[in-house]
DNA sequence: GCAGACTTGGAAACCGCTTTCCGGGGAGGT
DNA sequence: ACCTCCCCGGAAAGCGGTTTCCAAGTCTGC
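Residue numbers (the UniProt record's numbering), protein chains in the order written: chain A, 1 to 330; chain B, 1 to 330.
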């Protein structure tokens with residue numbers, strides 16, 4: 001590999017000068033030398049060793065993003081938003097996927113800490129297990145004590161800046177909208193009980209239903225993905241309206257109904273949450289709660305970079321979008 | 001930040017010993033000292049500085065993946081496959097998205113080179129512009145001369161190990177299958193002419209049609225995404241069967257037809273390419289050519305890591321999957 | 001009981017770059 | 001003409017690890 005020393009030698013200048021020319025310093029370098037250095041670097045095909053720069057500068061230009069599952073469009077959209085924001089700041093992005101294993105999340109924070117990344121974004125639902133959350137907090141605290149910055153998209157459980165989708169409120173508003181259409185018997189495809197996002201959406205929905213004086217919805221737990229929705233839909237009783245706590249599950253539920261010859265929305269109404277772009281052309285079009293995912297990702301990065309006391313928690317409201325997967329009852 | 005020296009001091013051992021204990025060395029360290037070091041590291045919350053390690057070792061445990069667009073499920077699946085493979089090797093992943101700008105791709109290779117990443121994966125179609133490809137090759141050559149490894153998912157145009165989806169053959173086979181259903185008048189939503197993947201699929205399809213002695217398909221160019229498919233579909237003439245060069249475009253086309261009240265497959269048949277998992281529940285179910293995207297991503301990583309002379313080019317066959325978006329003609 | 005082979009701990013060089021600290025020379029002021 | 005002050009180039013000290021090379025101690029075998 002070509003090193004800065006090679007360049008300096010070829011240009012007949014000192015290391016210091018070469019460094020100043022090539023890697024943005026506050027110090028000026030005379031035009032003549034500057035040209036010599038640039039030419040030498042070009043001829044030799046010099047590429048600065050960023051590991052060395054990071055070490056010497058004590059700061060890196062990399063940020064870390066930890067998501068649950070990149071193939072889930074929810075995370076892809078959030079990650080993309082954050083990555084676009086990072087790109088405008090000239091930051092590189094390291095992406096880790098936990099495949100929904102909270103231990104992996106902790107491990108990633110440790111690793112990203114070791115990388116001395118400038119900021120860490122934890123994207124995705126927290127889990128209800130206080131022990132796990134506690135260990136994650138510890139790891140995060142250690143990282144932040146070393147000067148690291150962090151933010152989270154999800155729930156404010158980590159003591160860091162957080163972009164928090166208004167899951168309860170969004171689900172509640174959806175519930176009111178659906179009740180407004182005349183539905184009275186509901187079911188919730190609730191996902192895993194320990195996932196806070198899933199639990200919040202389920203709870204928000206159920207509470208709103210209760211406030212309206214309607215019978216409590218049937219709650220069916222399952223996985224937080226397409227197959228989870230598919231499986232859960234099979235267990236739904238006589239509800240006229242089914243709320244899947246995310247769009248991907250809703251699509252699974254729709255598939256299950258289709259296979260069984262149950263018509264949506266004629267026989268049963270189905271709603272989801274998130275308004276995943278990739279699914280906007282689904283038939284029937286999904287009623288859902290729209291979340292500005294890309295913006296949320298970008299905002300989280302912003303928060304992390306400007307981290308300040310006290311901790312900022314930004315609620316992001318969802319917008320109920322009624323589409324053809326639900327029908328009005330008589 | 002806690003450094004190795006802090007740990008060594010606290011444990012009352014030398015730097016060398018502490019290093020050997022904490023960061024896997026071939027050398028043995030006595031149980032007593034080993035325990036002291038481990039305890040000290042734990043108490044202090046030591047995290048090795050990977051930048052320093054990378055510098056000292058001259059090798060990093062990071063790989064880079066460059067994709068066009070993470071929110072496109074095609075790339076998400078490929079990236080995920082590669083990331084899973086990387087995780088089993090204990091490698092970290094740096095992801096860059098070019099947002100379909102070839103210049104960005106070149107810039108990323110330079111940056112990843114500067115990071116001295118162990119391997120670079122270029123995921124996605126090459127472009128037809130030889131000047132751009134040439135500059136990318138140059139950058140890649142420079143990287144590889146410094147000991148970097150590289151592989152590509154796409155076309156064998158870079159002189160590196162390549163996982164090449166059999167776009168022409170897959171499209172040709174699809175064409176034959178569709179012709180076998182009795183279709184004779186075809187249109188191709190061909191995407192951008194300069195994208196090699198799009199062009200190959202289009203060409204493979206057209207060639208097969210010609211070989212069958214059928215009239216040449218109408219070719220409509222446009223963007224390679226959902227909206228591109230939507231727009232292109234509007235310009236299709238009297239074809240009975242439309243081939244969109246990827247699934248996402250096909251979904252856009254289906255949306256366009258739906259809006260116009262054109263029934264699929266009754267009035268027109270539609271096929272895509274890729275078999276995107278997220279779209280498997282689409283209605284009508286999409287006829288397509290299945291590509292094992294995750295495996296391809298994983299395989300590309302393998303190739304990169306084991307890079308050897310001569311360059312390996314692996315063709316990956318697609319499998320035609322007939323679903324309800326196409327119909328048999330009388 | 002002792003030579004020689006192994007083991008294990010530590011000192012120090014080194015990885016490639018940044019940046020502080022010096023010093024020399026030219027510009028500007030009087 | 002002389003003295004400051006400023007500007008710019010270079011030497012060298014880190015940044016936080018890894019690893020080579022020594023030296024001292026421990027084991028073995030005869």
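Idealized CB from N, CA, C, for every residue including glycine. Remember, it's a predicted structure, so these values are computed and weren't measured experimentally.
Residue 287 of chain A, enclosing beta strand (DSSP E) - first and last residue: Careful: residue 287 of chain A lies outside any beta strand (DSSP E) and carries neither H nor E.
At 4 residues or longer, and completely inside the UniProt domain "HTH lacI-type" (2-57) of chain A: list those alpha helix (DSSP H) runs for me, N to C. 4-11, 15-22, 31-44 and 50-57
Quick check: what's the CA-CA separation for residue 6 of chain B versus residue 311 of chain B? 47 Å
Within the continuous alpha helix (DSSP H) that includes residue 161 of chain B, where are the two ends? It is not in any alpha helix (DSSP H) - residue 161 of chain B instead sits in the beta strand (DSSP E) that spans 161-165.
Does DSSP put residue 189 of chain B in a helix, in a strand, or in coil? strand
Using the C-alpha atoms, what's the distance from residue 194 of chain A back to residue 209 of chain A? 22 Å
Going along chain A, which residues have a C-beta under 8 Å from residue 94 of chain B? 62, 92, 93, 94 and 95
What residues in its chain sit with their C-beta under 7 Å from that of residue 177 of chain A, if we drop five residues either side in the sequence? 320 and 322
Got a sec, what are the start and stop residues for the beta strand (DSSP E) residue 209 of chain B sits in? Element bounds for residue 209 of chain B: not the beta strand (DSSP E) but the alpha helix (DSSP H), 196-211.
Local conformation of residue 70 of chain B per DSSP, three classes: coil
Alpha carbon to alpha carbon, how far is residue 117 of chain A from residue 25 of chain B? Give it in angstroms, no decimals. 25 Å
Suppose the cutoff is 6 Å on Cβ atoms and the five residues either side in sequence are ignored; what does the same chain contact list for residue 1 of chain B look like? none
What is the rounded straight-line gap between the Cα of residue 130 of chain A and the Cα of residue 105 of chain A? 14 Å
Excluding sequence positions up to five away, which residues of its chain have a Cβ less than 8 Å from the Cβ of residue 258 of chain B? 264
Take the Cβ of residue 103 of chain A as the centre, count every other Cβ of all protein chains shown within 10 Å, and call the residue buried at 16 or more, exposed below. exposed
Chain B residues whose Cβ lies nearer than 7 Å to that of residue 282 of chain A: 282
How would you call residue 212 of chain B, buried or exposed, if buried means at least 16 neighbouring beta carbons within 10 angstroms? exposed
8 Å Cβ cutoff met for residue 121 of chain A and residue 196 of chain A: no
Out of B:203, B:315, B:254 and B:149, which one is the CA nearest neighbour of residue 308 of chain B? B:149
Can you pull the chain A neighbours of residue 111 of chain B, defined as C-beta to C-beta under 7 Å? 92
Got a sec: is the Cβ-Cβ distance from residue 193 of chain B to anything in chain A below 8 Å? no
Return the chain-ordered list of same chain residues with a C-beta closer than 6 Å to the C-beta of residue 249 of chain A, the five sequence neighbours on each side being excluded. 189, 228 and 229
For residue 232 of chain B, the first and last residue of its enclosing alpha helix (DSSP H): 226-234
So which residues of chain A does residue 249 of chain B contact, with C-beta pairs closer than 8 Å? In chain order: nothing, as chain A lies at least about 11 Å away.
Between the CA atoms of residue 296 of chain A and residue 81 of chain A - distance to the nearest angstrom: 7 Å
Look at the alpha carbon of residue 34 of chain B and the alpha carbon of residue 57 of chain B, and state the distance between them as a whole number of angstroms. 22 Å
With distances taken Cα to Cα, identify the nearest neighbour of residue 78 of chain B among B:153, B:64, B:8 and B:314. B:153
Got a sec: is the Cβ-Cβ distance from residue 80 of chain A to anything in chain B below 8 Å? yes
Are there three or more Cβ pairs, one per stretch, closer than 8 Å when the segment 46-63 of chain B is compared with the segment 263-280 of chain B? no
Backbone secondary structure at residue 145 of chain B - three-state DSSP: helix
Please report the distance separating the alpha-carbon of residue 183 of chain A from that of residue 244 of chain A. 15 Å
Just checking: is the beta-carbon of residue 159 of chain A within a distance shorter than 8 Å of some beta-carbon in chain B? no
Name the DSSP beta bridge partners of residue 151 of chain B, please? B:121 and B:161
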